[in-house]
Each structure stands twice: as structure tokens, then as C-alpha cells.
Amino acid sequence: MTFVLPRVPDQEDPRWTRRDGIFVRRDEGVTKWMTGDTTTVKISSAQTSGALGVLETSVPPGGGALPHAHGREEEAFYVLSGDFDFVNGDEIIQAGPGDLLFVPRGNRHGFTNTGALPAKLLTFIMPGGHEGFWLDNGTDPQPGKSAPPLGPEGFAALAQELVRHQVTVMPDSES
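With this note's numbering as the guide, the letters of the sequence shown map in order to residues 257 to 431.
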């Protein structure tokens, strides 16, 4: 089989030498505690001209995110380790390492670590911007300690931030 390549640009074309890719090493990013989880913002919308935000989150057993919906962004969750139950509208999806869930804006979703050990997720936010929720409202981790859970007062304090980020909390009736 013969392939005919389209015209190859001249080597003076700046695409040959542009270095606009963003490389983030495994120990880089801004780490914050939020709602019992430890989240590292690996890439922010400020770095991607608004296109993307990426989070790496360690979720303790029983921890996660209450079901909610976004008014601005889509999210994709990639399970790095552990076991999760994901809410997808009115269904529950069991997921493990290597599984991915894409959630369009306006779709009710959430997740819970169902395992006995901390579990890890990568979250891709498109367009970027919602990662600012962690940057603006999370607390700096304390060495040798675990992220504290967020009580009712903490959730109440975040209510205006959720509105600002166009997030609607939609918990189950028993939550």
C-alpha cells in the first residue's frame, strides 16, 4: 500500500520549532485540601488559554464529591487507582483503574471511593476554569496529616463559590 503525504511544510515554518507544550512532572502542581480530598492542580486554565484544567485527586475511603451538575464545563474522570462508584444522572457506575467517564455540562454526576484505601483520579475540565475552585477555596496541606472532612459549616461557606462556578448541588434524597 502506498501513502501519499500531504505537502510537508518548509523547515522554516515555526511549527517545527514551537515549544508551547506544557510538561508537568509528577511532583509538580499546586496541592490543596478540599472536602477531605487532596487535590493537585496539574494544569490550570491560565496555562492553557482557558482550554483545559487538570486535577489529580487522592480520595480517602468513603470520600468523594456529592452529586452535582456544571453549567459551564464538561469533565472527564480517569481512575488511576482504587474503586469508585460514579453517579451518572440516575445511574451508578462501578469503576476501577483504567476506566474513564466523560460527563457533559448539565449532567448530574458525582463519585465515592468505595475501597478500603485512598484512591486516585485524574479529572479533565473543559474549558478550564473550574480548577480555580480548589485554588481559591482549598487549604494548604499540613505535612504528616490527612485532609480533614468538610462539615456542614464548611459546605455552607462554599455555597456562594459554587454559585459563582455555576455548580448546582444535586444530592440523593438520603444524602
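Every residue, glycine too, gets a C-beta built ideally from N, C-alpha and C.
Nearest-angstrom Cβ-Cβ length linking residue i and residue j, presumed shorter than 8 Å
i: Leu377; j: Thr313; result: 5 Å
i: Gly338; j: Gly384; result: The pair is not a contact, with the Cβ atoms about 25 Å apart (cut-off 8 Å).
i: Met257; j: Ala325; result: About 48 Å separates the two Cβ atoms, so there is no contact after all.
i: Phe367; j: Phe333; result: 7 Å
i: Thr294; j: Pro397; result: 6 Å
Sub-8 Å separation of residue i and residue j beta-carbons
i: Glu417; j: Ser300; result: no
i: Ala321; j: Val335; result: no
i: Thr379; j: Trp289; result: no
i: Leu406; j: Gly292; result: yes
i: Pro265; j: Arg271; result: yes
Close-in-space but distant-in-sequence residues of the same chain around residue i (CB under 6 Å, 5 per side omitted)
i: Val359; result: Glu331, His365
i: Thr296; result: Gly285, Thr287, Glu312
Where residue i falls, given that 16 or more other Cβ within 10 Å makes a residue buried
i: Val315; result: buried
i: Val343; result: buried
i: Pro401; result: According to the sequence shown, residue 401 is Lys rather than Pro. Answer is exposed; the Cβ neighbour count stays below 16.
i: Val419; result: exposed
i: Phe389; result: buried
i: Val260; result: exposed
i: Ala375; result: buried
Same chain only: Cβ atoms within 8 Å of residue i, ignoring 5 sequence neighbours per side
i: Arg361; result: Ala325, His326, Gly327, Arg328, Glu329, Glu330
i: Ile348; result: Asp341, Phe342
Same chain, Cβ closer than 7 Å to residue i, five either side skipped, listed in chain order
i: Ser431; result: Model confidence at Ser431 stands at a pLDDT of 47, short of 50, so the residue's coordinates are unreliable; what they give is reported in the following sentence. Same-chain partners within the cutoff: Leu322.
i: Gly345; result: Asn363, Arg364
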